[in-house]
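Notes for the one structure printed next.
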Amino acid sequence: MHMIKTLVINTNGQGLYECTQEIKSIVKNAGIDEGLCTVFVQHTSASLVIQENADPSAQADLENWLNRLVRENDSLYTHTAEGPDDMPSHIKAALTSPCLSIPVVHHQLALGTWQGIYLWEHRRNGHNRRVVIHMGD
Amino acid sequence: MHMIKTLVINTNGQGLYECTQEIKSIVKNAGIDEGLCTVFVQHTSASLVIQENADPSAQADLENWLNRLVRENDSLYTHTAEGPDDMPSHIKAALTSPCLSIPVVHHQLALGTWQGIYLWEHRRNGHNRRVVIHMGD
Amino acid sequence: MHMIKTLVINTNGQGLYECTQEIKSIVKNAGIDEGLCTVFVQHTSASLVIQENADPSAQADLENWLNRLVRENDSLYTHTAEGPDDMPSHIKAALTSPCLSIPVVHHQLALGTWQGIYLWEHRRNGHNRRVVIHMGD
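Protein chains in written order, with the numbering used here: chain E, 381 to 517; chain W, 381 to 517; chain X, 381 to 517.
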């Protein structure tokens with residue numbers, strides 16, 4: 381038994397966009413009691429991350445820390461035709477992940493209490509980001 | 381055919397805790413000849429990593445390198461209420477991963493010769509870390 | 381329904397080696413209409429990454445950026461017996477990932493338009509890298 385769904389997340393620039401509830405709903409509707417849910421983002425300048433969901437300051441610090449590590453306008457870059465935020469986006473996506481796999485127990489994602497699932501938009505402009513979700517038992 | 385098990389790993393502070401044997405045993409007992417084993421940690425200040433299992437100095441260097449990259453008491457942090465090691469823990473968890481998926485062949489994890497599976501505790505204090513393991517064919 | 385295949389990628393030193401077509405072929409031949417494809421590298425000094433497949437300069441910049449972040453001959457290293465490029469390789473592998481899971485839709489990997497799958501060789505010398513691929517529905 382398996383199911384695939386696509387979720388489109390509209391971003392309005394750099395930042396973490398929580399999608400835990402949307403994915404929980406998809407899992408609940410899939411009718412899978414126990415199994416595995418895999419989330420995959422179809423882009424190379426956005427990524428997926430699980431982070432603390434209680435205090436927004438943790439997400440802001442994470443974003444600011446990574447922005448300091450992976451700077452725009454680095455003289456090392458040669459891939460600059462798509463704007464100063466493009467190459468940093470690819471690097472940030474490589475350092476985080478395009479996919480997450482989370483067990484499903486009793487029709488629910490087996491997330492810890494403080495875990496939220498976030499799409500991380502790395503570009504300055506908004507995009508419609510496609511996330512493909514596979515559930516199987 | 382599938383099975384879900386939870387493993388609790390008791391840590392006593394920052395470091396890599398090998399759990400390869402525990403996961404191998406769970407896979408062996410699952411009765412799955414060929415399939416996929418997914419390991420998921422239910423926390424945002426611990427993560428999972430596959431590393432060289434032969435020489436402990438590789439694990440120590442990895443830990444020291446990441447501690448230098450992600451420092452405590454960074455003036456950038458605003459999320460400081462839970463202690464100086466909390467925000468670095470979230471960043472380290474985001475740079476590594478909460479999940480690993482490993483094929484199962486002939487009732488065994490298809491790990492390479494030098495690969496061990498480690499829970500990486502990023503907090504200074506010990507914790508009981510919950511790892512959920514899904515096996516399916 | 382599931383299938384496991386092993387792909388050997390011969391590298392000739394540090395760099396990104398695209399293996400998208402090889403994995404697409406394996407998926408097509410598996411006869412799985414909808415499902416999940418998991419790719420796993422059996423080494424701790426190579427990793428897997430999804431990156432932009434259009435412009436090779438993005439891959440070169442990514443590699444150069446990571447080489448600058450994770451330097452050889454760092455005085456922090458104690459694990460030096462296997463050469464100056466060994467410990468940096470383990471760190472780079474930990475910062476990227478040994479595994480990727482990608483949904484399969486209509487017998488095809490559900491990759492985005494600009495996504496390619498790469499084996500990232502982190503050692504200076506060439507190696508025969510083993511990648512195990514699990515497909516299930």
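Virtual Cβ for every residue (Gly too), placed ideally from N, Cα, C.
Within chain E, partners of P483 (chain X) - CB distance below 8 angstroms: I384, T418, F420, V512, I513 and H514
Beta carbon of Q495 (chain W) nearer than 7 angstroms to that of I430 (chain W): yes
Alpha-carbon to alpha-carbon, S405 (chain E) and D465 (chain E): 33 angstroms
Whether I384 (chain X) touches V419 (chain W) by CB criterion (7 angstroms): no
Per-residue burial, S477 (chain E) [other beta carbons within 10 Å of its own, 16 or more giving buried]: buried
Rounded C-alpha distance that separates H470 (chain X) from G395 (chain W): 16 angstroms
Separation of I497 (chain W) from T400 (chain W), as counted between CA atoms: 5 angstroms
Chain E contact for P468 (chain W) (CB, 7 angstroms cutoff): no
P483 (chain W) versus N447 (chain X): straight-line alpha-carbon distance, rounded: 30 angstroms
Assigned secondary structure, V419 (chain X) (DSSP; H/G/I helix, E/B strand, else coil): strand
Proximity of T424 (chain W) and E462 (chain E) at Cβ, strictly below 7 angstroms: no
Chain-ordered neighbours of A473 (chain W) on chain X, where CB pairs are closer than 8 angstroms: Those do not exist, as A473 (chain W) stays about 12 angstroms from chain X at its closest Cβ, beyond 8 angstroms.
Interfacial residues, the region 449-468 of chain E to chain W, with Cβ spacing under 7 angstroms: none
Classification of L434 (chain X) by the beta-carbon crowding that lies within 10 angstroms, buried from 16 upward: The question names Leu, yet the displayed sequence has Ala at residue 434 (chain X). Label assigned to A434 (chain X): exposed.
Below-7 angstroms beta-carbon distance, A434 (chain W) vs any chain X residue: no
Beta-carbon spacing of V511 (chain X), L416 (chain X) below 7 angstroms: no
Minimum Cβ-Cβ distance from A410 (chain X) to chain E less than 7 angstroms: no
L456 (chain W) classed as buried or exposed, judged by whether at least 16 other C-beta atoms fall within 10 angstroms: exposed
N- and C-terminal bounds of the alpha helix (DSSP H) containing H470 (chain W): D466 to L475
S437 (chain W) vs H459 (chain X) beta-carbon contact at 7 angstroms: yes
Min CB distance C399 (chain X) to chain W below 7 angstroms: no
Interface flag, G492 (chain W) vs chain X, CB-CB below 7 angstroms: yes
Whole-angstrom distance between V407 (chain W) and G393 (chain E), CA atom to CA atom: 43 angstroms
Interface residues of the region 495-506 of chain X facing chain E [CB-CB below 7 angstroms]: Q495
Chain X contact for T391 (chain E) (CB, 7 angstroms cutoff): no
Cβ distance (whole Å) where D517 (chain W) is taken to contact G506 (chain X) below 8 angstroms: Between G506 (chain X) and D517 (chain W) the Cβ distance is about 35 angstroms, and since that is not below 8 angstroms, they are no contact.
Contiguous beta strand (DSSP E) assignments of at least 3 residues, all confined to the region 390-447 of chain W: 395-398, 415-421 and 426-432
Contact under 7 angstroms by Cβ, I403 (chain X) with Y397 (chain X): no
Neighbourhood of E414 (chain E) by C-beta distance below 7 angstroms, restricted to the same chain and skipping five residues each side: V484, V485 and D517
Distance, H514 (chain E) Cα to H382 (chain E) Cα: 7 angstroms
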